[in-house]
Structure formats: structure tokens, C-alpha cells
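Contents: one structure, followed by commentary.
Residue numbers (the working numbering): 4 to 118.
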């Protein structure tokens, strides 16, 4: 059963470009982690409300940044052990540089895939 992390980063607006460059650089390193099945970084750029959902309308683009630019990192591993090793490797390489871009410490949501 695959093991997954969804990490939410709240990046200082003036550090968004630096963060994206850093994450692009880290991508090749992250993709080499043993047991990695899937890796995605998403920049939040849209919102949707109930009326749009009820009408089947597409989401609306965000028009301004309030406090932070939000990113979601999704990565999936074959086992918890592979995930743990990858976290250690990330901590030893890119972690401090990532943290310097953040408004607050990042949130991690961990679990095994249900489907």
C-alpha cells in the first residue's frame, strides 16, 4: 500500500520565485529517492465556491496574494521506510533553504493510500 505525504508550504510573496527555483533544482534530487512513485508540486492559483460547483463552472483565478503564496507538494512512496529515508535526505540538503522562504513552518499530512 503506497505511503503519501501532502505538504503545504506558505511562502513569503517576495520569496515565491526563489522557492520555485529552489524546488525545480530539488526536483531531480527528489525524483532519485528510492521507492518514489509520484512527485508533484502545485501552486495554488484558483478558488471555487458552491455556486460555481452547482453550476458546473470552472474555478476562478486568484487575483491577489494575501499574506502568502501557497504550494502543495505531493509525493508518494512504495513504503513508509522509503519515505523516511527520503525525508532524511531532503533534511540534509534542501530543508534549510526551503524554510527560509516560508511565512510559517510547513504542514505535513501523512497516510497510506485508500484508493
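From the three backbone atoms N, C-alpha and C, an ideal C-beta is built for every residue, glycine too.
{"query": "According to DSSP, simplified to helix, strand and coil, what is residue 24?", "result": "helix"}
{"query": "Kindly provide the ranges of any beta strand (DSSP E) runs that are 3 or more residues long and lie completely inside the region 12-68, ordered along the chain.", "result": "39-46"}
{"query": "Locate the beta strand (DSSP E) running through residue 105, then write down its first and last residues.", "result": "Premise fails: residue 105 is in no beta strand (DSSP E) and is neither H nor E."}
{"query": "Identify whether residue 96 lies in helix, strand or coil by the three-state DSSP scheme.", "result": "helix"}
{"query": "Check each candidate in 71, 87, 108 and 111 and name the one with the smallest Cα separation from residue 37.", "result": "87"}
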